[in-house]
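With mature numbering (1 follows the signal peptide of the UniProt record, and there is no 0) applied, the sequence shown corresponds to residues -2 to -1, 1 to 305, in that order.
Below you'll find the structure, written out as structure tokens, and then a few comments.
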Amino acid sequence: NAYESLKSKAGNFRIGVATSSNKFNNAGYSQAMANFNYMVAENACKMVGIQPQQGKYDFSQCDAHYNKAKELGMAFRGHCLVWHSMPPSWFENLKGDALKNAMVDHINKTLKYYEGKIDSWDVVNEAIDDSSNGPQWKMRPSFLYQNIPDFVDLAFKTARAASSTTKLFYNDYNTEGIYGKSEAVFNFVKDMKSRNIPIDGVGLQYHVSTQSFPQYEKINDLIGRYCQLGLEVHITEMDVKSGGNASGQAKVYSEALKACLSNSCCKAFLVWGVGDNDSWLGANEAGLLFDSNYQPKAAYNALIETL
Ligand code: XIL
């Protein structure tokens, strides 16, 4: 590579990327991916990837990502155990105790399978409703919440019982300090802590744009308050819709990383895809660190400078 790698500057700090195994044989993709020291599977470790049919656990897709990470000397992040979105259809169709038992079984089997390999998992993803405007949160009225009103507590208690070593995360979007949902999620997590629900960390997804992004002081303050609760923070899925504004995008990325690095409990920073072409947002949004030809963008250089 003609450019410096993120991992060479990151030291023990985790700088990560979401990947899809169907791109692993693309040379540009593979080279770009090797700049990071932390990996998360974009989809393969979700329930739909691991348990496409009830009771038929198939870890092969998630393993393919985990094994690639090990091959490249990267640590691996688990995403995600319980989520209302993208459920396998069998799961979404269950009711009451059958749904509860299936959720518990999935958490148990998956955490035990990856015990000692994956040290942080998103246990619950996106449980708070977008209309929430702190201090009081509102639960998303999903099939999970409707069938199991205490599914979040149950998921974390189950996860802790299954693995005493895995760091257990709550992960959500619009949590970065721009919207009212940020304070709602903060209070939701604070309440969990006060009731001794076993949560170790919070994932701030950080899907933002050059039009709408948190001011540095705001995000720095928010991460600091999570640290005061005794939690670890990961920025888990960053992308920045750029509208062609490469330098504006670079600033948004670097301020996010700077805020994370300024708070000792913020231990990881991950972007949600390798090249713009791979992004769930579509290539036109140019939301990532590498362009569609896997050349590093201004945002990449800004992260190098910030590390
Ligand atoms: C997205 C993936 O990027 C897409 O490929 C998939 O079709 C849908 O899910 N929040 C999350 C991620 O926690 O799991 C989502 O990933 C993006 C939003």
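Beta carbons are placed, not taken as given, at the ideal position from N, Cα and C, and that holds for glycine.
Task: Host beta strand (DSSP E) of residue 36 (start-end) - done: 36 to 39
Open item on the list: Using only the alpha-carbon positions, how far apart do residue 80 and residue 165 sit?
Closed with: 15 Å
Open item on the list: Taking the beta carbon of residue 174 as the centre, do at least 16 other beta carbons fall within 10 Å, making it buried, or is it exposed?
Closed with: buried
- [ ] Assign residue 44 to one of two classes, buried (16 or more other C-beta atoms within 10 Å of its C-beta) or exposed (fewer than that).
- [x] buried
- [ ] Please report how far the alpha carbon of residue 22 lies from the alpha carbon of residue 287, in whole angstroms.
- [x] 18 Å
TODO: Please go through the segment 141 to 213 and give each complete alpha helix (DSSP H) segment of 4 or more residues, from N-terminal end onward.
DONE: 141 to 145, 149 to 160 and 179 to 192
Open item on the list: Taking a contact to mean a Cβ-Cβ separation below 9 Å, would you say residue 201 touches residue 231 in this structure?
Closed with: yes
Open item on the list: If the criterion is Cβ atoms closer than 9 Å, does the pair residue 145 and residue 114 meet it?
Closed with: no
- [ ] Inspect the beta-carbon positions of residue 155 and residue 212 and report whether they are closer than 9 Å.
- [x] no
TODO: Identify which residue in 234, 239, 143 and 52 has its Cα closest to the Cα of residue 89.
DONE: 52
- [ ] Indicate the three-state DSSP secondary structure (helix, strand or coil) for residue 260 in the structure shown.
- [x] coil
- [ ] Using 8 Å as the cut-off, classify the Cβ of residue 96 as near or not near the heavy atoms of ligand 1, replying yes or no.
- [x] no
- [ ] Kindly examine ligand 1 and report whether one of its heavy atoms sits closer than 8 Å to the Cβ of residue 81.
- [x] yes
TODO: Could you tell me whether any Cβ in chain C is nearer than 9 Å to the Cβ of residue 256?
DONE: The structure shown contains no chain C, having only a single protein chain.
- [ ] Please find out if some non-hydrogen atom of ligand 1 comes closer than 8 Å to the beta-carbon of residue 31.
- [x] no
Task: Which residues DSSP lists as bridging residue 113, in chain order - done: According to DSSP, which records beta bridges pairwise, residue 113 is partnered with nothing at all.
- [ ] Please classify residue 118: is it buried, with 16 or more other beta-carbons within 10 angstroms of its beta-carbon, or exposed?
- [x] buried
- [ ] Spatial neighbours of residue 74 within its chain, please: CB distance less than 6 Å, with the 5 preceding and 5 following residues excluded, ordered by chain position.
- [x] 37, 64, 67 and 116
- [ ] Counting only runs of 3+ residues fully inside the segment 49 to 91, write out the beta strand (DSSP E) ranges in chain order.
- [x] 73 to 81
TODO: Please confirm whether any heavy atom of ligand 1 lies closer than 8 Å to the CB of residue 62.
DONE: no
Open item on the list: Just checking residue 36 against ligand 3 - is the residue's beta carbon closer than 8 Å to any of the ligand's heavy atoms?
Closed with: Of the ligands one can find in the structure shown, namely ligand 1, none is ligand 3.
TODO: Locate the beta strand (DSSP E) running through residue 118, then write down its first and last residues.
DONE: 118 to 123
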